[in-house]
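Visitor:
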Amino acid sequence: MAFEKDLYAFAQTQDFPVHMGGNAYVRLLYFLARYLQPETVVETGVSIGYSSQAILSALAMNGKGQLYSSELQYLHDNQSHKYIGLLVSPEFRDRWTLLTEGDRINLAQIAQRVGRINLFHYDSDKSISGRVFACNIALERMSKGDVLVLDDVNDNDHLLSLSNQIGRAPTVFTTKYKSIGLFMM
Ligand SMILES: C[S@@+](CC[C@H](N)C(=O)[O-])C[C@H]1O[C@@H](n2cnc3c(N)ncnc32)[C@H](O)[C@@H]1O
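This is the structure we're talking about:
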């Protein structure tokens, strides 16, 4: 929670002129990336980088691990590459691979590069088809003890169908603004 407070305070000092989408449940991601001590983390949806900074800060504290992030170059703003991941500290970038061609292309490339995914965070295309595509790629590479987190699960009933697909119940965190679903494999 202290980490989250500092990150929000830092974000207040930054200037980002385009709307980039709301931030993830930062304290949960930071906690999980510390607790799981992951070798490989994959996330979708970077925006200005709250979630990326949370995960990369934890990996730096752990002294190990790589983060692969999937974003989509903003079609309405050809300067968006300047803002994507703005909050990520320069010293953390050696653990970070950022791809910006959209989940369909990015996740296929990431899947070829990684073996097992220890922590997967989904926070990009909120449609059911987008969620299904990404989760199927992730699940093929997840094993016992790995954790899958989905943001904005209150948008549709994907969480329920995923729960049925994998045969386990999610843990759901509800904040003032949204709900976040978590499965531990
Ligand atoms: C809610 S924001 C992500 C917030 C980020 N996780 C954070 O904590 O700061 C959602 C992001 O998903 C991206 N996005 C939407 N559709 C996408 C797609 N098909 N592939 C990759 N990224 C996508 C948007 O460009 C946007 O930046």
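Numbering (my numbering), first residue to last: 6 to 190.
Backbone N, C-alpha and C fix where the C-beta goes; we use that ideal spot for every residue, glycine too.
Given the structure is predicted, the values throughout are model-derived calculations rather than measurements.
Here's the rule: buried if 16 or more other CB atoms are within 10 angstroms of the residue's CB, otherwise exposed. What is residue 55?
Guide: Residue mapping note: residue 55 aligns to position 50 of the sequence shown, counting from 1. Counting Cβ neighbours within 10 Å, residue 55 comes out buried, since at least 16 surround it.
Visitor: Flag this pair as touching only if the stretch 83–102 and the stretch 154–166 have three or more C-beta atom pairs under 8 Å; answer yes or no.
Guide: No: fewer than three Cβ pairs fall under 8 Å.
Visitor: Which same chain residues, not among the five before or five after residue 108, have their C-beta less than 8 Å away from its C-beta?
Guide: In the sequence shown, the residue the question calls residue 108 occupies position 103. Only 49, 75, 77, 129, 130, 135, 138 and 139 meet the Cβ criterion.
Visitor: Output yes or no for whether 8 Å exceeds the beta carbon distance between residue 166 and residue 177.
Guide: As a first step, residue 166 is located in the sequence shown; it is residue number 161 there, counting from the start. As a first step, residue 177 is located in the sequence shown; it is residue number 172 there, counting from the start. No, these two residues do not count as a Cβ contact at 8 Å.
Visitor: Which residues bound the alpha helix (DSSP H) around residue 147?
Guide: For the purposes of this step, residue 147 is identified with residue 142 of the sequence shown, where counting begins at 1. Residue 147 -> no alpha helix (DSSP H), and no H or E assigned at all.
Visitor: Where are the alpha helix (DSSP H) runs, 4 residues long or more, that stay fully inside the stretch 98–169, in chain order?
Guide: Correct list: 108–118 and 133–145.
Visitor: Quick one: grab the DSSP three-state call for residue 6.
Guide: Counting from 1 along the sequence shown, the entry for residue 6 is found at position 1. Residue state, collapsed to three classes: coil.
Visitor: What residue from 150, 145, 133 and 149 has the CA that sits closest to residue 156's CA?
Guide: Counting from one through the sequence shown, the residue named residue 156 turns up at place 151. Checking every option, the nearest Cα to that of residue 156 belongs to 133.
Visitor: DSSP has residue 189 in a bridge; who is on the other side?
Guide: For the purposes of this step, residue 189 is taken as the residue at position 184 of the sequence shown. BP columns for residue 189 point to 152.
Visitor: Using 8 Å as the cut-off, can you tell me whether the stretch 91–98 makes contact with the stretch 55–67, which would need three or more C-beta pairs spanning the two stretches below that distance?
Guide: Because the criterion of three Cβ pairs below 8 Å is met, the stretch 91–98 and the stretch 55–67 touch.
Visitor: Identify which residue in 179, 170, 124 and 188 has its Cα closest to the Cα of residue 35.
Guide: Sequence index remark: in the sequence shown, residue 35 carries index 30 (1-based). Residue 35 has its Cα closest to that of 124, out of 179, 170, 124 and 188.
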